[in-house]
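Colleague:
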Amino acid sequence: MKDQEMTVVEHLTELRKRIIWVLAVFIVALIVGFFLAGPLVDYLKQEPIADGVPIVSLHPSDALRVYMQVAFIVGAVITLPVALYHVWRFVSPGMEVQEKRGTLYFIPAACFLFIVGILFGYYVVFPMVMQFMTSITASMGADPNYGIAQYFGFMFNMVIPFGILFQLPIIVMFLTRLRILNPMRLAKARRYAYFALAVVGITLTPPEIISDILVTIPLLLLYELSIWLSRIVYRKQLKEQEAWEQEYGSQETNEPVQQ
466 MKDQEMTVVE
476 HLTELRKRII
486 WVLAVFIVAL
496 IVGFFLAGPL
506 VDYLKQEPIA
516 DGVPIVSLHP
526 SDALRVYMQV
536 AFIVGAVITL
546 PVALYHVWRF
556 VSPGMEVQEK
566 RGTLYFIPAA
576 CFLFIVGILF
586 GYYVVFPMVM
596 QFMTSITASM
606 GADPNYGIAQ
616 YFGFMFNMVI
626 PFGILFQLPI
636 IVMFLTRLRI
646 LNPMRLAKAR
656 RYAYFALAVV
666 GITLTPPEII
676 SDILVTIPLL
686 LLYELSIWLS
696 RIVYRKQLKE
706 QEAWEQEYGS
716 QETNEPVQQ
């Protein structure tokens, strides 16, 4: 019982140490992000997406609010690989050697897909939404003047979810590697997943069929990519299990029976 308590204490100590490391990196990245916020805001204001959109300040704290939002996002992006690495280090003692090597490659892939998701949300989804919202505002005879805090807050709320959604293949591969999911289960749940992803795509886009299709189709392709990657990981696991059984099973059958 004492050994079990010591094991729990050691796990909690290890978890606390890794959380402290992640928080320390995030604080440093947040400071870096605050210095980068000015150039990033200027760049986003000069993009064709914001071209012709009057952006005004409606409150004395709007500029500071935008700076903090941009700094937080930059800090989160910089901290993401560090956080994933410490998560991997925390759970890796319970994995086999091959599983450790296989899951370690998920970290750069997850960071890459997160950035791709953000770029997809910003360059594909956000322009369609802004164009639709601006046209609705103009049809009501109102001047489309947007507060800088409201504009960037709306943009971040549209873009960041796609960075998270694009993590689906990595999550599926990781869970398959841990033998929690397999391609057969994912294939059986395809129609339910399609329905859920279609609801997400329709919810995040303007109520027009072209925008819904342009966003929903990539999400469905992500799910199919997840099934394909899960199938690759699953087949590799079967080969590893077969090789293990041939090696160690033959040893057991060749051992002499002791009298």
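Convert by adding 465 to the 1-based position in the sequence shown; the result is the number in my numbering. Here a beta-carbon is modelled for each residue, glycine too, at the ideal position from N, C-alpha and C. Quick caveat: nothing in here was measured; it's all calculated off a predicted structure.
Could you have a look at Y699 and say whether DSSP puts it in helix, strand or coil?
Modeller: Residue state, collapsed to three classes: helix.
Colleague: Can you have a look at F579 and say buried or exposed, based on whether 16 or more other CB atoms are within 10 angstroms of its CB?
Modeller: With 16 or more Cβ atoms within 10 Å of its Cβ, F579 is classed as buried.
Colleague: Please state the DSSP three-state secondary structure of I583.
Modeller: Three-state DSSP puts I583 in a helix.
Colleague: Since T681 contacts A663 with CB under 8 Å, what's their CB separation in whole angstroms?
Modeller: Yes, T681 and A663 are in contact; Cβ-Cβ is about 5 Å, under 8 Å.
Colleague: Please report the Cβ distance between L495 and F537, rounded to the nearest whole angstrom; I am assuming they are in contact, meaning their Cβ atoms lie under 8 Å.
Modeller: Contact flag correct, Cβ pair sits at about 7 Å.
Colleague: So N622 and Y699 are in contact, right, with Cβ under 8 Å, and what is the actual spacing, rounded?
Modeller: About 36 Å; that fails the 8 Å criterion.
Colleague: Fully enclosed by the stretch 532 to 573, which alpha helix (DSSP H) runs are 4 residues long or longer?
Modeller: Listed in chain order, the complete alpha helix (DSSP H) runs (minimum 4 residues) inside the stretch 532 to 573 are 562 to 569.
Colleague: Taking the alpha-carbon of V521 as reference, which of M533, S557, I613 and L480 has the nearest alpha-carbon?
Modeller: Cα-wise, what sits closest to V521 is I613.
Colleague: Classify G612 as helix, strand or coil using the three-state DSSP reduction.
Modeller: DSSP places G612 in strand when its eight states are reduced to three.
Colleague: What are the boundary residues of the alpha helix (DSSP H) that includes L501?
Modeller: Per DSSP, L501 belongs to the alpha helix (DSSP H) from K467 to Q511.
Colleague: Hey, could you find the ends of the alpha helix (DSSP H) R644 is sitting in?
Modeller: It is not in any alpha helix (DSSP H) - R644 carries neither H nor E in the DSSP assignment.
Colleague: How about F591 and V542: are their beta carbons less than 8 Å apart?
Modeller: No; because the gap between Cβ atoms is not below 8 Å, this pair is not in contact.
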